[in-house]
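J.: Input: one structure, supplied below.
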Amino acid sequence: MRLSAMKGALVLLALAARLWPAADPRAAAEANAGLDLARAGKYLEAIRHYRAALALDPSLPGLHLNLGLAYFKLNRFTDAVPSFEKATKADPADFQARALLGMSYYGSRRFADAAAQLQRASDQQPDNTELRFRLAQSYLWSQQYDAAKDQFQSLLLKNPDSAPVHMLLGEVLDAANQEEQATAEFEAAVKASPREPEVHFGLGYLYWKQKRFDEAGREFQAELAAQPQHTQALTYLADAEMHGGDEASAVDHLRQVLKLDPKIRLAHLDLGIVLAGRNESDQAAAHFREAIRLDPSKPDAHYRLGRLWLAMGREAEANAEFAEVKKLAQPEQLEPLVRIPGRDAGGTQ
Amino acid sequence: MKAPLLALLLLAAGWIAVGQNPASPIRFVYRPIDFRLDSSETPERHAPETMAGGVAVFDYNNDGYLDIFFTNGADIHTLQKSSSKYFNRLFENDGKGNFKDVTVKAGLAGMGFDNGVAVGDYDNDGYKDLFVGGVHGNHLYHNNGDGTFTDVTAKAGINRPDSQYGPLWSVGGAWVDVNNDGLLDLFVVNYLAWDINTEPRCEAGPGKYDYCHPKFYKATPNQLFLNNGDGTFRDVSAESGIRSHPGKGMGVGIADYDLDGLMDLFVSNDKVYNSLFHNKGGGKFEEVAFEAGVALTENGQFISGMGVDFRDLDNDGYPDIAFVALDNELFPIFRNLGKGGFADVTESSGMARLSAPMAGYSPTIADFDNDGWKDVFITRGHVQSLGYASRVAVEQPNTIFRNLGGMKFQALTAEAGLTAQPPKRHRGSAVGDLNHDGRLDVVASALSAPAEIWMNDSPGGNHWIEFALEGTKSNRDGIGARIKVVAGGAAQYNHVSFAAGYASSSAGPVHFGLGRNASVESVEIRWPSGMVQELKNVAADRVIRVKEAE
Numbered sequence: 007m008r009l010s011a012m013k014g015a016l017v018l019l020a021l022a023a024r025l026w027p028a029a030d031p032r033a034a035a036e037a038n039a040g041l042d043l044a045r046a047g048k049y050l051e052a053i054r055h056y057r058a059a060l061a062l063d064p065s066l067p068g069l070h071l072n073l074g075l076a077y078f079k080l081n082r083f084t085d086a087v088p089s090f091e092k093a094t095k096a097d098p099a100d101f102q103a104r105a106l107l108g109m110s111y112y113g114s115r116r117f118a119d120a121a122a123q124l125q126r127a128s129d130q131q132p133d134n135t136e137l138r139f140r141l142a143q144s145y146l147w148s149q150q151y152d153a154a155k156d157q158f159q160s161l162l163l164k165n166p167d168s169a170p171v172h173m174l175l176g177e178v179l180d181a182a183n184q185e186e187q188a189t190a191e192f193e194a195a196v197k198a199s200p201r202e203p204e205v206h207f208g209l210g211y212l213y214w215k216q217k218r219f220d221e222a223g224r225e226f227q228a229e230l231a232a233q234p235q236h237t238q239a240l241t242y243l244a245d246a247e248m249h250g251g252d253e254a255s256a257v258d259h260l261r262q263v264l265k266l267d268p269k270i271r272l273a274h275l276d277l278g279i280v281l282a283g284r285n286e287s288d289q290a291a292a293h294f295r296e297a298i299r300l301d302p303s304k305p306d307a308h309y310r311l312g313r314l315w316l317a318m319g320r321e322a323e324a325n326a327e328f329a330e331v332k333k334l335a336q337p338e339q340l341e342p343l344v345r346i347p348g349r350d351a352g353g354t355q
Numbered sequence: 019m020k021a022p023l024l025a026l027l028l029l030a031a032g033w034i035a036v037g038q039n040p041a042s043p044i045r046f047v048y049r050p051i052d053f054r055l056d057s058s059e060t061p062e063r064h065a066p067e068t069m070a071g072g073v074a075v076f077d078y079n080n081d082g083y084l085d086i087f088f089t090n091g092a093d094i095h096t097l098q099k100s101s102s103k104y105f106n107r108l109f110e111n112d113g114k115g116n117f118k119d120v121t122v123k124a125g126l127a128g129m130g131f132d133n134g135v136a137v138g139d140y141d142n143d144g145y146k147d148l149f150v151g152g153v154h155g156n157h158l159y160h161n162n163g164d165g166t167f168t169d170v171t172a173k174a175g176i177n178r179p180d181s182q183y184g185p186l187w188s189v190g191g192a193w194v195d196v197n198n199d200g201l202l203d204l205f206v207v208n209y210l211a212w213d214i215n216t217e218p219r220c221e222a223g224p225g226k227y228d229y230c231h232p233k234f235y236k237a238t239p240n241q242l243f244l245n246n247g248d249g250t251f252r253d254v255s256a257e258s259g260i261r262s263h264p265g266k267g268m269g270v271g272i273a274d275y276d277l278d279g280l281m282d283l284f285v286s287n288d289k290v291y292n293s294l295f296h297n298k299g300g301g302k303f304e305e306v307a308f309e310a311g312v313a314l315t316e317n318g319q320f321i322s323g324m325g326v327d328f329r330d331l332d333n334d335g336y337p338d339i340a341f342v343a344l345d346n347e348l349f350p351i352f353r354n355l356g357k358g359g360f361a362d363v364t365e366s367s368g369m370a371r372l373s374a375p376m377a378g379y380s381p382t383i384a385d386f387d388n389d390g391w392k393d394v395f396i397t398r399g400h401v402q403s404l405g406y407a408s409r410v411a412v413e414q415p416n417t418i419f420r421n422l423g424g425m426k427f428q429a430l431t432a433e434a435g436l437t438a439q440p441p442k443r444h445r446g447s448a449v450g451d452l453n454h455d456g457r458l459d460v461v462a463s464a465l466s467a468p469a470e471i472w473m474n475d476s477p478g479g480n481h482w483i484e485f486a487l488e489g490t491k492s493n494r495d496g497i498g499a500r501i502k503v504v505a506g507g508a509a510q511y512n513h514v515s516f517a518a519g520y521a522s523s524s525a526g527p528v529h530f531g532l533g534r535n536a537s538v539e540s541v542e543i544r545w546p547s548g549m550v551q552e553l554k555n556v557a558a559d560r561v562i563r564v565k566e567a568e
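Structure representation (structure tokens):
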């Protein structure tokens with residue numbers, strides 16, 4: 007449940023503006039030309055001049071920083087990283103270089119590295135809210151939940167009505183399986199900004215996880231009121247309705263989902279379940295089959311289909327599906343990540 | 019010095035207040051017992067470290083009071099009890115509220131990394147014996163009747179490595195007469211293939227190991243040992259049909275689910291499908307979990323099946339299944355439909371929503387408020403280590419799920435006084451009336467923490483009755499005997515089974531709550547031999563001893 011993306015939020019740092027001394031006049035000229043182009047928003051051309059300057063004098067102070075910044079402005083975060091790494095190595099106390107390095111790691115989805123750099127930058131500027139926000143996100147995505155929680159909570163002290171911060175803190179808590187607290191954060195987010203995109207879906211999802219299907223349904227409907235094509239909200243709404251016993255609405259909504267996107271597996275599975283319960287066995291089987299086709303590695307649709315065949319007296323077909331379930335439980339299917347002691351490790355869950 | 023004293027007094031007062039919540043129809047009061055489960059937890063997080071903790075409640079010396087036995091771990095590298103801290107422990111109940119450690123005298127300290135325990139009088143001598151299953155080593159302790167036990171494992175022949183799978187890791191077992199010959203046979207639940215030298219390591223974070231998902235280990239078969247009646251057993255795992263269905267067994271429940279007079283076996287498996295071994299007679303079983311609808315829960319996922327109990331929850335005469343799993347996997351309830359099939363009623367019973375955030379280990383089905391409906395006591399705690407606590411609630415309190423009738427449940431935790439102790443990684447549990455007050459008490463173990471006794475202090479003054487059976491043609495413990503009690507015009511059913519929860523054994527008399535009924539109109543006992551005995555107009559609030567008619 008990732009609610010926000012990096013794009014559009016990089017207003018943290020002003021463009022570096024450094025004129026170079028003329029130790030090597032040709033290098034300085036290239037660097038200054040690059041700087042003028044960057045100021046004009048012509049980053050690709052600026053990069054060419056920076057690179058030319060580097061070729062002439064790689065020790066020119068600040069050049070790596072500005073080259074990195076040009077890449078950064080083009081959202082080429084992976085390309086920006088080596089330049090910022092060099093810049094921070096040259097001057098470990100340079101806040102700007104370190105913050106940009108952290109942001110570039112973030113943009114490259116190297117969240118643990120981002121957290122490490124952004125933490126150091128944040129230590130230099132503890133009141134920089136945007137930096138702290140990114141730091142908190144970096145901790146979240148790198149699964150350092152305790153640290154993420156601390157950062158989001160400190161952000162909330164300064165801005166208690168920030169829906170995005172409540173939502174992200176909610177995500178941290180959800181990831182840490184603290185669903186009740188996560189729910190409270192999303193409820194606070196809804197209260198702070200009920201029109202925030204995804205806020206009702208996020209809250210509904212948490213209710214859904216806790217089997218609070220009535221409340222979940224209401225939130226999914228609120229999200230759909232703002233975003234009628236939100237297929238996930240529609241799918242989960244139908245699922246909540248199904249579990250809540252409102253099968254007619256569930257069927258309507260599941261059919262809507264499949265019109266919008268026939269590849270949503272959960273919709274096929276749920277429709278199969280409801281139709282099987284109504285003894286519309288052939289249709290139910292078709293949906294179970296489609297759910298299997300969309301993801302044959304999951305046992306649930308095989309099991310459902312097997313149970314359906316059994317109820318229909320089609321024992322051989324039932325046994326075939328049960329055999330698939332058993333196959334999925336076999337080690338060769340489930341143990342691709344076996345590790346030998348002393349080597350690197352696999353996951354726990 | 020005054021401040022700490024005051025703090026202690028306030029703390030104590032708080033415990034009392036929590037433990038005596040007057041609003042709850044079921045409540046417990048904590049009592050300490052001098053046992054701390056030591057599973058040799060290491061930073062490497064070897065799988066057995068998180069699985070220890072069987073408990074038995076049984077009367078080892080026939081003095082009428084239920085005693086307590088705990089299994090314990092060992093050095094994980096040697097699988098030997100290298101220190102007394104790893105000893106299994108037997109506590110004798112003196113009937114006055116004291117539990118005296120008689121382990122050494124009884125000869126039950128043990129040797130290896132022990133996990134589960136099963137109580138049963140396998141030689142019909144009137145003294146309950148102990149099967150103790152463990153990591154690469156099982157033991158059978160014969161009760162000599164003089165307060166001591168003798169390790170008869172070698173003679174019994176129940177501890178041989180498997181020809182294909184090597185040494186097995188038993189997490190528990192059940193004594194059950196599968197062929198109704200009057201001798202208790204032994205079903206052993208084996209978890210998974212584990213070898214410290216080849217075990218995978220799983221990283222929960224940089225440099226932090228945690229217990230691996232069971233998918234990283236191979237399944238192993240369960241075992242069935244037929245009692246020869248001379249102190250020896252015959253391994254019939256293969257010929258009975260059990261061995262051909264390997265799994266990752268965590269619990270076994272025994273019941274005659276189709277009322278054909280033969281005891282069946284349900285095994286809950288960890289992250290693979292469950293097994294239901296239907297007893298066909300003649301010592302043969304067929305595995306029917308898929309056909310019966312108990313292989314997976316309704317949502318068709320492989321869940322972390324842990325302990326199980328298999329008893330009639332809705333008073334329709336057909337044993338139902340309750341087992342537990344980890345958070346967001348729910349504590350499933352399978353209702354026996356009476357035609358060989360089961361329905362998953364986890365959601366409609368309310369258990370889905372109640373249990374969604376919980377991780378459970380050991381469920382026991384019993385009537386804790388004596389209202390005539392069996393409840394489910396569940397020890398809780400996560401399988402992961404304490405280092406994982408930022409991601410999941412590793413330490414949890416226990417919870418009693420009160421049966422409101424009609425397969426609806428209410429969860430009681432703090433209300434029932436069960437937060438009077440800090441949350442822990444609870445493991446096994448066993449149940450019995452320890453103080454003869456007619457209310458069922460609970461003993462629970464917890465990893466690297468003191469064990470707990472939860473004395474039942476439920477209000478209401480409901481009546482009760484217990485049956486202590488003595489088989490003559492049937493096995494002496496009467497395991498498998500089905501008891502029907504009619505009180506106030508309503509029937510209830512239970513059967514004798516000592517297999518309880520996770521790795522544990524509850525070997526007290528069979529307990530019935532009677533609500534406001536001070537007597538029972540009729541009692542019907544169907545013995546495994548086929549003998550049926552009836553009692554009429556029996557006064558409540560007592561233990562009735564019934565010997566099988568010759």
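Chains G and D, in that order, are what the protein sequence lines are.
Per the working numbering, the very first residue in the first sequence carries number 7; after that it's consecutive.
Per the working numbering, the very first residue in the second sequence carries number 19; after that it's consecutive.
Idealized CB from N, CA, C, for every residue including glycine.
Bear in mind that the values here come from a model prediction, so they are computed numbers and not experimental data.
(1) Cβ of Lys215 (chain G) less than 8 Å from any chain D Cβ?
(2) Do Asp288 (chain D) and Gly323 (chain D) have their CB atoms nearer than 8 Å?
(3) Any idea what DSSP makes of Ala521 (chain D), helix, strand or coil?
(4) Note down the Cα distance separating Ser42 (chain D) from Gly479 (chain D), rounded to an integer number of angstroms.
(5) Is it buried or exposed for His95 (chain D), if we count other Cβ within 10 angstroms and need 16 for buried?
(6) Whose C-alpha, out of D:Arg178, D:Gly265, D:Gln510, is nearest the C-alpha of Gly390 (chain D)?
(7) Distance, Cα to Cα, Thr84 (chain G) vs Thr94 (chain G)?
(8) Inspect the CB distances between the segment 282-292 of chain G and the segment 240-253 of chain D and report whether three or more fall short of 8 Å.
(9) With a threshold of 16 other CB atoms inside 10 Å of the CB of Arg32 (chain G), please say whether the residue is buried or exposed.
(10) Run down chain D in chain order and give the residues with a C-beta less than 8 Å from the C-beta of Lys332 (chain G).
(11) Beta strand (DSSP E) containing Tyr183 (chain D): first to last residue?
(12) Contact between the segment 469-485 of chain D and the segment 551-560 of chain D is defined here as three or more beta-carbon pairs at a separation below 8 Å; is this criterion met?
(13) Can you tell me whether Arg310 (chain G) is buried or exposed? The criterion is at least 16 other CB atoms within 10 Å of its CB, across all chains shown.
(14) What is the DSSP secondary structure of Pro468 (chain D), reduced to helix, strand or coil?
(15) Consult DSSP for Phe88 (chain D) and reduce its assignment to one of helix, strand or coil.
(16) Decide if Asn247 (chain D) is buried, meaning its Cβ has at least 16 other Cβ atoms within 10 Å, or exposed.
(17) Helix, strand or coil for Asn177 (chain D)? Go by DSSP, reduced to three states.
(18) I want to see whether chain D comes within less than 8 Å of Gly283 (chain G), judged by CB atoms only; does it?
(19) Measuring alpha carbon to alpha carbon, tell me which residue in G:Asn134, G:Gly176, G:Leu163 is nearest Asp152 (chain G).
(20) Taking just the CA atoms, how far does Ala118 (chain G) sit from Gly446 (chain D)?
(21) Are the C-beta of His293 (chain G) and some C-beta of chain D separated by less than 8 Å?
(22) Can you tell me whether Asn285 (chain G) is buried or exposed, with buried defined as 16 or more other CB within 10 angstroms of its CB?
(23) Which class does Glu323 (chain G) belong to by DSSP, given the choice of helix, strand or coil?
(24) Starting from His3 (chain D), follow its DSSP beta bridges and name the residues at the other end.
(25) From the DSSP output, which residues share a beta bridge with Asn287 (chain D)?
(26) What is the rounded straight-line gap between the Cα of Leu210 (chain G) and the Cα of Asp81 (chain D)?
(27) Grab me the residues of Ile44 (chain D)'s own chain with a C-beta within less than 6 Å of its C-beta, minus the 5 sequence neighbours each way, in chain order.
(28) Do you know offhand how far Ala351 (chain G)'s Cα is from Gln182 (chain D)'s?
(29) Considering only the beta carbon of each residue, do Pro441 (chain D) and Gln414 (chain D) sit closer than 8 Å?
(30) Going by other Cβ atoms of all chains shown within 10 Å of its Cβ, with 16 needed for buried, is Ala329 (chain G) buried or exposed?
(31) Kindly list the residues whose CB is nearer than 8 Å to the CB of Asn39 (chain D), restricted to its own chain and excluding five residues on each side of it in sequence; keep chain order.
(32) Would you mind working out which of D:Lys114, D:His64, D:Glu59, D:Lys99 sits nearest Asp85 (chain D), comparing C-alpha positions?
(33) For Val344 (chain G), decide whether its Cβ has a neighbour in chain D, counting only Cβ atoms nearer than 8 Å.
(34) Identify each residue in the segment 302-315 of chain D for which the Cβ-Cβ distance to at least one residue of chain G is less than 8 Å, and report them in chain order.
(35) Does DSSP put Arg500 (chain D) in a helix, a strand or coil?
(36) For Tyr242 (chain G), which three-state DSSP category applies?
T.: According to the structure data:
(1) yes
(2) yes
(3) coil
(4) 14 Å
(5) exposed
(6) D:Gln510
(7) 16 Å
(8) no
(9) exposed
(10) Tyr291
(11) From DSSP, Tyr183 (chain D) is part of no beta strand (DSSP E); its letter is neither H nor E.
(12) yes
(13) buried
(14) strand
(15) strand
(16) According to the sequence shown, residue 247 (chain D) is Gly rather than Asn. Exposed: under 16 other Cβ atoms inside 10 Å.
(17) coil
(18) no
(19) G:Gly176
(20) 39 Å
(21) no
(22) exposed
(23) helix
(24) The shown model of chain D, from 19 to 568, leaves out residue 3 (chain D), and the question about it has no answer.
(25) D:Gly267
(26) Sequence inspection shows Gly at residue 210 (chain G); the Leu mentioned does not correspond to that position. Distance between the alpha carbons of Gly210 (chain G) and Asp81 (chain D) is about 58 Å.
(27) Phe386, Asp387, Ile418, Arg420, Leu430, Ala434, Ser476
(28) Confidence in Ala351 (chain G) is poor, its pLDDT being 29 and thus under 50, which makes the residue's placement too unreliable to answer from.
(29) yes
(30) exposed
(31) Only weak support exists for where Asn39 (chain D) lies, its pLDDT of 49 falling under 50; the value from the coordinates is given anyway. The residues are Arg45, Ala432, Glu433, Ala434, Gly435.
(32) D:Lys114
(33) The predicted position of Val344 (chain G) is uncertain, since its pLDDT is 39 and thus under 50; a value taken from the coordinates is nonetheless stated next. So, interface residue.
(34) Phe308, Glu309, Gly311, Ala313, Leu314
(35) strand
(36) helix
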